[in-house]
Structures are given as C-alpha cells and as structure tokens.
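Below you'll find the structure, written out as structure tokens, and then a few comments.
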Amino acid sequence: MKTIITFGTFDVFHIGHLNILRRARALGDRLVVGVSSDALNLHKKARLPVYLQDQRIRIIEELKCVDEVFLEESLELKADYIRRFNAQALVMGDDWRGRFDHFSPLCDVVYLTRTPTISTTSIIETIKQN
Ligand code: C2G
1165 MKTIITFGTF
1175 DVFHIGHLNI
1185 LRRARALGDR
1195 LVVGVSSDAL
1205 NLHKKARLPV
1215 YLQDQRIRII
1225 EELKCVDEVF
1235 LEESLELKAD
1245 YIRRFNAQAL
1255 VMGDDWRGRF
1265 DHFSPLCDVV
1275 YLTRTPTIST
1285 TSIIETIKQN
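Numbering (the working numbering), first residue to last: 1165 to 1294.
Encoded structure:
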C-alpha cells in the first residue's frame, strides 16, 4: 500500500486543485491531504482564506480521489506528518519545486506541473473586476 501525502490551502476550490489531487492519487493507493489552517495562512499570506478551514476540509474530504484529510497547523511539521501517515511520497505543484527536496531521505519528493492560467488569486481578481 503506497501512501501519498500532499499539502495546500485549497481556497476557492478550482480545477487546478482537482487536477493535482487526482494526479497525486494516481501515483499511489492512498492519498492523505494536509489542509493549511486559517492561522497558517494568516501568518504566511497576511490574509485569511476566503473559505475558512472547516469548509475547505469538508470540500476536500468529499472528493473521490482523497482518502484522508488533516489540518496542517505548521509548515515546520512536514516531516512529522510524513512519518505519522507513513507516506512514501510527498507530491506538490511545481511552484514549490526544490523547496521540499530535503524530505527525500524520508520519502520520494515529486513536483507535478501546475495547471496553467488558473489560481485562487486570479479568480478573486476576476470576481472583483466584474
Ligand atoms: N496547484 C496547481 N495548479 C494550479 C494551482 C494550484 O497544481 N493552477 C497546486 C499547488 O501547486 C499546490 C496545490 O495545488 O500543490 C494547492 O495549492 P494552494 O492551495 O495554493 O496551496 P498553497 O497555499 O501553496 O499551500 O505546506 C504547503 C502549503 O500548505 C501549500
């Protein structure tokens, strides 16, 4: 049983999020997703997500390609999460390329090409302009 782990905010859920989760799941038998907490986002991006963590978690939990979801409370705990879920691979979009290479003694580290042209930020901008 190969467990894949991935992390993200998944705010204003869109097709780029779905694509990476489906592709991550296809690399193994079980996909575990760490959803970044509201506090972590506030700290990292200096704003709260549009959808708060309970709603973001509920959306991710219902996806067919996702087996387990937990709240990612700190960027510094990735090694603990990898061990806790016994993950054999960490998968992230290639905007994070190189940033997680130091976990390679613990598990494979795989960066997948981002879905072009769509992002939570661009969706928010489009809505604001319209
Ligand atoms: N993503 C993608 N294509 C897009 C947009 C996002 O493949 N067009 C991927 C990102 O590369 C990431 C995942 O979707 O792997 C989640 O993206 P975000 O919600 O933006 O996650 P982020 O805020 O980068 O949080 O610990 C790491 C952080 O929690 C990652």
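Built from N, CA and C at the ideal position, the CB exists for glycine as well.
Assigned exposure category for G1262 - 16 Cβ within 10 Å defines buried: On the sequence shown, residue 1262 is found 98 positions in, with the first residue counted as 1. Exposed, by the Cβ-count rule.
Through-space distance from H1207 to L1239, alpha-carbon basis: Sequence index remark: in the sequence shown, residue 1239 carries index 75 (1-based). Sequence index remark: in the sequence shown, residue 1207 carries index 43 (1-based). Each residue's CA atom was taken as its position, placing L1239 and H1207 some 11 Å apart.
With DSSP run on the structure shown, which of helix, strand or coil describes A1194? The count along the sequence shown starts at 1 and reaches residue 1194 at position 30. Here the sequence assigns Arg to residue 1194, which means Ala is not the residue at that position. Looking at R1194 - three-state DSSP - the assignment turns out to be strand.
Counted within 10 angstroms of its Cβ, other Cβ atoms place K1209 as buried (16 or more) or exposed: For the purposes of this step, residue 1209 is taken as residue 45 along the sequence shown, with counting starting at 1. Classification for K1209: exposed.
I'd like to know if the segment 1207 to 1227 and the segment 1244 to 1257 are in contact, where contact means that at least 3 CB-CB pairs between them fall below 8 Å. Remark: fewer than three beta-carbon pairs, one from each stretch, lie closer than 8 Å, so the segment 1207 to 1227 and the segment 1244 to 1257 are not flagged as touching.
Need the endpoints of the alpha helix (DSSP H) that G1206 sits in, please. What you label residue 1206 is simply residue 42 of the sequence shown in a count that begins at 1. In the sequence on display, residue 1206 carries Leu and not Gly. For L1206, the uninterrupted alpha helix (DSSP H) run begins and ends at D1202 to K1209, by DSSP.
Quick one: does the C-beta of L1239 sit closer than 7 Å to a heavy atom of ligand 1? Stepping through the sequence shown from its first residue, residue 1239 is reached at position 75. L1239: yes, Cβ under 7 Å from ligand 1.
Does at least one heavy atom of ligand 1 sit under 7 Å from the Cβ of T1290? Residue 1290 sits at position 126 when you count from the first residue of the sequence shown. Checking every heavy atom of ligand 1 against the Cβ of T1290, none is found closer than 7 Å.
Which residues bound the alpha helix (DSSP H) around I1318? There is no way to answer for residue 1318, as the model of the chain reaches only from 1165 to 1294.
Between V1214 and the rest of its own chain, which residues show a CB-CB distance below 8 Å, the 5 nearest in sequence each way excluded? As a working mapping, residue 1214 is identified with position 50 in the sequence shown. When the five nearest sequence neighbours on each side are left out, the beta carbons in the same chain lying within less than 8 Å of the beta carbon of V1214 are those of D1175, V1176, T1284 and I1288, in order along the chain.
CA-to-CA distance, I1291 to E1232, given in whole angstroms: The count along the sequence shown starts at 1 and reaches residue 1232 at position 68. The count along the sequence shown starts at 1 and reaches residue 1291 at position 127. Each residue's alpha carbon lies about 31 Å from the other.
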